[in-house]
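**Student:** Residue numbers (the numbering used here), protein chains in the order written: chain A, 1202 to 1281; chain X, 38 to 147.
Built from N, CA and C at the ideal position, the CB exists for glycine as well.
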Amino acid sequence: MITPIELTALVRRALPDARVEIYDRTGTHDHYNLKVVSKGFAGLTPLDRHRLVYRALGDALGDGRLHAVELTTLTEEERS
Amino acid sequence: MSDDLKHTISDEIKNNKVLVYGKGTKDAPRCGFTMETIAFFNQFGYPFEVIDVLEDMPKRQALTELTDWPTLPKVFINGTFYGDTDILGPMHERGELAPLLDETFKTPVR
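1. At a CB-CB cut-off below 8 angstroms, which residues of chain X make contact with H1251/A?
2. For P66/X, which three-state DSSP category applies?
3. Can you name the start and end residues of the alpha helix (DSSP H) that K51/X belongs to?
4. Can you tell me whether DSSP reads H1230/A as helix, strand or coil?
5. Which one of A1269/A, L1208/A, M1202/A, A1261/A has the shortest CA to CA distance from R1220/A?
6. Let me see if you follow: with CB-CB separation under 7 angstroms, is L1248/A close to chain X or not?
7. If you draw a straight line from the C-alpha of W106/X to the C-alpha of L1253/A, how long is it?
8. So with CB distances below 7 angstroms, who are the chain A contacts of L70/X?
9. Going by beta-carbon coordinates alone, are K96/X and T104/X separated by less than 7 angstroms?
10. Grouping DSSP H, G and I as helix and E and B as strand, with all else coil, what is A1269/A?
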C-alpha cells in the first residue's frame, strides 16, 4: 500500500514541476490511475514518458507497495 | 539473460504479429490489465496471441530488460514494442492503431 501523497512525492523526484492527479481504482491503495502533467514530457515519445514515470515509481513497484498503475502523461499544452 | 530465453522471446515476437505477454491466458486472464488488453484487441478482429508469463520470473525479468518496461502486460505489434493499453488506447483514439494493424496483416512478418 502507498498513499497518494507518497506517490506524488516519488513522481516529483523525477519531475519536480509535475501535477499529479490520482485515482484509487480499487480502494486498496495499490492499484492507481495516475495522470501526470509536466513540462518534462516535451519531446519524449509516449513510451519514454511512461518509462520516466515508471523509473520514478521503481522502488514502490519493486517492493510491492504499488501493484499496478494506469498512466496518462501529458504536457501542459496537451492538457489544455 | 540466457541465450535460450533470448531466442525463445525473439521467436515469439517474430512469429506473432500481435503478441501480448500477460498474466494468465486468453480464456483465463489472471489480472485486470491483461483482461482489458484482451478485450481491447478483440474489437479489431485480427488474431493475437497471449503468452502467460505470470509464474515465469526469469522470462519476466528478461522481457523487462529487453523493453526497459517494468510492468505486464507488454504488447508487441509487428515486432515492435508498444507498451500497454495506456499507450495503445490513446493511439486508437487518434485513429492510428487500425491502420497500423491493417498494414501489419497485409505484409509478411519481419
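**Tutor:** Result, derived from the coordinates:
1. Correct list: W106, G120, D123, I124.
2. P66/X carries a strand assignment under DSSP once its states are collapsed to helix, strand and coil.
3. Per DSSP, the continuous alpha helix (DSSP H) segment holding K51/X begins and ends at 40-52.
4. Coil, per DSSP.
5. If you compare the alpha carbons of A1269/A, L1208/A, M1202/A, A1261/A with that of R1220/A, the shortest gap goes to L1208/A.
6. So, interface residue.
7. A straight-line Cα-Cα distance of about 10 angstroms links W106/X and L1253/A.
8. Reading off the sequence, residue 70/X comes out as Phe, not Leu. Those are A1269, listed as they occur along chain A.
9. Cβ distance not < 7 angstroms, so K96/X and T104/X don't count as in contact.
10. Collapsing the DSSP output to three states places A1269/A in a strand.
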